[in-house]
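Number of protein chains: 4
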Amino acid sequence: MVKSTGEKYEAIIDAAVKVIARHGYHHAQVAKIAREADVADGTIYLYFENKDDILTSLFREKMGRFIREVEQALESVQSPAEQLKTLVEMHLRHLEEDPELAIVTQIELRQSNPLVRKVIGQILKKYLNVIDRIVTSGQESGVFRPHIDVKIARKMIFGTLDETVTSWIMNGRKYSLTSMAKAIHDLFLHGLKAD
Amino acid sequence: MVKSTGEKYEAIIDAAVKVIARHGYHHAQVAKIAREADVADGTIYLYFENKDDILTSLFREKMGRFIREVEQALESVQSPAEQLKTLVEMHLRHLEEDPELAIVTQIELRQSNPLVRKVIGQILKKYLNVIDRIVTSGQESGVFRPHIDVKIARKMIFGTLDETVTSWIMNGRKYSLTSMAKAIHDLFLHGLKAD
Amino acid sequence: MVKSTGEKYEAIIDAAVKVIARHGYHHAQVAKIAREADVADGTIYLYFENKDDILTSLFREKMGRFIREVEQALESVQSPAEQLKTLVEMHLRHLEEDPELAIVTQIELRQSNPLVRKVIGQILKKYLNVIDRIVTSGQESGVFRPHIDVKIARKMIFGTLDETVTSWIMNGRKYSLTSMAKAIHDLFLHGLKAD
Amino acid sequence: MVKSTGEKYEAIIDAAVKVIARHGYHHAQVAKIAREADVADGTIYLYFENKDDILTSLFREKMGRFIREVEQALESVQSPAEQLKTLVEMHLRHLEEDPELAIVTQIELRQSNPLVRKVIGQILKKYLNVIDRIVTSGQESGVFRPHIDVKIARKMIFGTLDETVTSWIMNGRKYSLTSMAKAIHDLFLHGLKAD
DNA sequence: TATGAATGAGCGTTCATTCAT
DNA sequence: TATGAATGAACGCTCATTCAT
Chain A
1 MVKSTGEKYE AIIDAAVKVI ARHGYHHAQV AKIAREADVA DGTIYLYFEN KDDILTSLFR
61 EKMGRFIREV EQALESVQSP AEQLKTLVEM HLRHLEEDPE LAIVTQIELR QSNPLVRKVI
121 GQILKKYLNV IDRIVTSGQE SGVFRPHIDV KIARKMIFGT LDETVTSWIM NGRKYSLTSM
181 AKAIHDLFLH GLKAD
Chain B
1 MVKSTGEKYE AIIDAAVKVI ARHGYHHAQV AKIAREADVA DGTIYLYFEN KDDILTSLFR
61 EKMGRFIREV EQALESVQSP AEQLKTLVEM HLRHLEEDPE LAIVTQIELR QSNPLVRKVI
121 GQILKKYLNV IDRIVTSGQE SGVFRPHIDV KIARKMIFGT LDETVTSWIM NGRKYSLTSM
181 AKAIHDLFLH GLKAD
Chain C
1 MVKSTGEKYE AIIDAAVKVI ARHGYHHAQV AKIAREADVA DGTIYLYFEN KDDILTSLFR
61 EKMGRFIREV EQALESVQSP AEQLKTLVEM HLRHLEEDPE LAIVTQIELR QSNPLVRKVI
121 GQILKKYLNV IDRIVTSGQE SGVFRPHIDV KIARKMIFGT LDETVTSWIM NGRKYSLTSM
181 AKAIHDLFLH GLKAD
Chain D
1 MVKSTGEKYE AIIDAAVKVI ARHGYHHAQV AKIAREADVA DGTIYLYFEN KDDILTSLFR
61 EKMGRFIREV EQALESVQSP AEQLKTLVEM HLRHLEEDPE LAIVTQIELR QSNPLVRKVI
121 GQILKKYLNV IDRIVTSGQE SGVFRPHIDV KIARKMIFGT LDETVTSWIM NGRKYSLTSM
181 AKAIHDLFLH GLKAD
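In order, the protein sequences belong to chains A, B, C and D. Numbering of the first sequence is given in the UniProt record's numbering, commencing with residue 1 and proceeding in unit increments. Numbering of the second sequence is given in the UniProt record's numbering, commencing with residue 1 and proceeding in unit increments. Numbering of the third sequence is given in the UniProt record's numbering, commencing with residue 1 and proceeding in unit increments. Numbering of the fourth sequence is given in the UniProt record's numbering, commencing with residue 1 and proceeding in unit increments.
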């Protein structure tokens with residue numbers, strides 16, 4: 001019953017992003033998403049279990065793709081400090097370049113119910129692991145202080161980036177997000193690096 | 001609305017915290033809050049405009065009180081570094097000591113409708129200002145690097161703390177939040193301090 | 001418990017007329033009437049059984065007074081044709097001179113519940129009797145055709161006047177109501193008079 | 001709204017008439033109408049905007065049909081006097097033959113909110129126009145006095161008929177309404193006809 | 001596969017009335 | 001007499017999901 005691929009599967013997810021970005025989470029009815037995707041209401045349920053499944057699939061698809069891109073980019077970067085810079089830059093650029101997705105993931109989907117948020121949290125873990133690996137490798141190579149708790153460092157890095165993007169959207173996206181990368185990375189580096 | 005203070009006003013807010021923490025935002029009906037506060041449904045509307053007003057008042061009362069406590073505590077602390085430590089500690093302790101409030105403000109109220117979220121954002125600004133003042137005074141006294149963008153520093157500090165508390169709740173509150181204060185403060189300080 | 005006289009009794013009735021005329025039947029809450037009458041909500045219930053009782057008392061007082069005025073005026077008029085003219089004129093003038101009362105009795109009170117409307121109907125019967133008496137005396141004196149059913153004549157007279165006033169209010173009271181008296185009376189007279 | 005016609009559209013309107021006639025305007029909940037129409041509550045909203053729309057549609061359908069019937073019948077009648085007779089007869093017969101509709105339109109719908117009443121007034125205008133045309137043609141053909149104000153004549157005719165039907169219902173429909181047609185028409189004719 | 005008409009559970013809010021003071 | 005805080009019943013409407021076609 002649930003087909004996780006196919007033209008319509010993707011059309012529905014893209015429609016969901018558009019509708020949620022345009023109308024907000026609370027006005028993103030299944031019927032509206034169906035109309036945007038140019039399918040019948042019932043057709044949605046041939047591709048998704050329920051509405052929650054649309055939302056989590058949306059996040060999984062978009063976030064999964066981004067994580068793969070980040071991992072790929074990190075492969076060609078050696079120093080942990082530079083890797084961190086790459087991650088900060090990609091995180092900010094990714095959402096700046098796709099404002100609809102930014103609105104959906106940073107603002108709207110956070111209003112979803114606990115179940116959806118839990119699944120989103122699980123998906124995010126993969127991203128947090130990427131951050132963890134950068135920190136750990138930095139500690140192993142001696143450029144980051146060894147006694148820093150990786151989990152705390154991860155929260156600083158992710159929490160700061162997340163708050164930065166959310167704040168950028170809430171304030172009308174009036175400034176360049178990417179241009180903040182250097183300052184943020186600088187702050188992280190000072191916080192982490194060995195004396 | 002009869003009055004915005006009084007025994008029942010507080011009873012209703014406390015009941016709202018309890019009910020939302022216990023049943024979740026979406027199952028926190030007015031009738032349930034009324035029953036928990038031991039008043040009739042209609043009595044709620046003698047003290048609050050509507051349901052949204054309960055939620056925003058809740059946040060305003062609880063956050064307002066906390067901000068006042070923080071500001072008071074900061075007065076008796078001289079160095080910006082120590083002030084930052086005080087803030088980190090109080091932020092974590094405050095929510096660790098009131099897990100119901102933590103669940104409500106970190107998890108449940110984030111699902112609320114745009115209007116409530118907007119008011120919450122406005123209230124949070126006052127807290128962000130407190131953070132800003134610490135950073136600025138640190139820069140003025142020469143202990144924090146002067147070129148750091150205050151807004152970015154603020155996002156690091158608030159974003160990290162917020163992510164830390166949310167993560168603590170989402171993972172079942174299985175560890176001590178307060179005990180992370182030192183490590184977090186250490187990270188902030190390294191990030192901010194002048195060389 | 002129910003006192004049908006007294007300063008406050010009249011103040012409440014007058015307040016009810018004002019509030020209903022100003023805000024409409026559906027927005028004329030007891031609390032609003034109490035405030036207009038400058039008494040507490042509870043005080044209303046020292047003078048009236050319930051809200052319905054305010055409405056029916058209002059109608060009874062106002063209509064009773066008008067009926068007495070009409071009856072008095074008719075005493076000094078001999079011919080039934082002239083009496084009919086007096087009634088038509090007084091009916092129209094009465095409501096034209098008290099637009100608030102006109103709005104309340106012609107428009108707003110008609111939205112009341114069946115029970116209130118029934119009582120209003122009973123009170124109106126006294127007015128219909130006045131009409132009946134004019135018609136009957138006209139038939140007895142030979143100026144009105146004897147075979148006309150009094151009840152039908154009464155419905156024509158009251159129905160026409162009622163429709164005229166209602167229509168006048170609904171269309172914004174933009175013309176003189178009293179000036180229509182002659183034409184209406186003329187129509188009635190032609191309808192009723194013996195050949 | 002799916003469509004303004006169809007089996008269910010009519011079933012819902014007929015159910016509304018039944019429920020309102022049986023339980024009164026104030027106890028005619030949407031759920032009750034739905035059950036009577038043998039559809040789900042939500043189905044109502046596939047055919048009607050909201051509850052008000054049910055009520056106005058009801059009046060529009062029923063009154064519209066009646067007006068068309070009257071207009072059709074008037075076509076095959078030449079003299080204005082006879083046309084007036086036809087109208088009086090049809091008006092009374094129409095409501096006598098459908099007592100449920102009579103109760104709804106004469107009693108219950110008059111308690112409806114201002115918006116519904118406004119729409120009802122607009123629909124009634126078409127009926128008043130029919131009356132106007134009869135009066136005017138009677139004046140043009142010289143059988144009705146030319147100086148009679150059409151608007152006043154219309155108010156007499158409609159006001160009398162309306163009062164007659166309302167009174168008939170309020171008094172328990174204990175006599176024949178149609179049998180009053182001749183006497184009413186007679187009264188109208190004497191009132192209107194040229195000497 | 002695809003459709004879309006039909007379903008029905010769920011809840012914030014008002015306001016006439018009461019009653020302890 | 002007078003007050004006014006407290007009560008609690010009552011209901012229109014939305015929208016995710018189903019299922020006959």
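Just so it is clear, CB atoms sit at the ideal spot from N, CA and C, and this is done for glycine as well.
DSSP three-state assignment for residue i, whether helix, strand or coil
i	result
residue 193 of chain D	strand
residue 158 of chain B	helix
residue 48 of chain C	coil
Cutoff 7 Å; reference residue i; Cβ partners in own chain excluding five residues on either side
i	result
residue 141 of chain B	80
residue 36 of chain B	15, 18 and 19
residue 100 of chain B	17, 18 and 21
residue 144 of chain B	80, 135, 138, 192, 193 and 194
residue 77 of chain C	83 and 86
residue 24 of chain D	108
residue 169 of chain C	102, 103, 106 and 107
For residue i, the first and last residue of its enclosing alpha helix (DSSP H)
i	result
residue 60 of chain B	51-75
residue 105 of chain D	Note, residue 105 of chain D: premise wrong, no alpha helix (DSSP H); not H, not E.
residue 177 of chain A	Element bounds for residue 177 of chain A: n/a, residue is neither H nor E.
residue 22 of chain B	7-23
residue 172 of chain D	Element bounds for residue 172 of chain D: n/a, residue is neither H nor E.
residue 132 of chain A	114-140
residue 33 of chain D	30-37
residue 93 of chain B	80-97
Same chain, Cβ closer than 8 Å to residue i, five either side skipped, listed in chain order
i	result
residue 130 of chain D	67, 70, 71, 74 and 87
residue 31 of chain A	41
residue 111 of chain B	25 and 26
Reference residue i; option with closest CA among the options
i	options	result
residue 147 of chain C	C:162, C:40, C:50 and C:192	C:192
residue 178 of chain D	D:164, D:189 and D:187	D:164
residue 201 of chain A	B:113, B:114 and B:107	Lying outside 1 to 195, the shown extent of chain A, residue 201 of chain A is not represented and no answer is given.
residue 60 of chain D	D:7, D:125 and D:92	D:125
residue 187 of chain A	B:169, B:150 and B:168	B:150
residue 10 of chain A	A:57, A:103 and A:28	A:57
residue 38 of chain A	A:162, A:76 and A:7	A:7
residue 26 of chain B	A:34, A:24, A:190 and A:113	A:113
residue 162 of chain D	D:103, D:33 and D:5	D:103
residue 5 of chain B	B:47, B:183 and B:169	B:47
residue 12 of chain C	C:33, C:183 and C:29	C:33
Contacts around residue i, its chain only, beta-carbon distance under 6 Å, and the 5 residues preceding and following it disregarded
i	result
residue 127 of chain C	67
residue 85 of chain D	185
residue 154 of chain C	128, 131 and 132
residue 92 of chain B	177, 178 and 181
residue 166 of chain A	106
Stretch pair the region 60-74 of chain A + the region 154-169 of chain A: three plus CB contacts closer than 8 Å | Remark: fewer than three beta-carbon pairs, one from each stretch, lie closer than 8 Å, so the region 60-74 of chain A and the region 154-169 of chain A are not flagged as touching.
Is it true that the region 163-175 of chain C meets the region 118-127 of chain C, where meeting means three or more beta-carbon pairs spaced less than 8 Å apart?
-> Segment contact: the region 163-175 of chain C against the region 118-127 of chain C, fewer than three CB-CB distances shorter than 8 Å; contact not assigned.
Please determine if the region 88-99 of chain C and the region 25-45 of chain C are in contact, where contact requires at least 3 C-beta pairs separated by less than 8 Å.
-> In short, these stretches do not touch, since the Cβ pair count stays below three.
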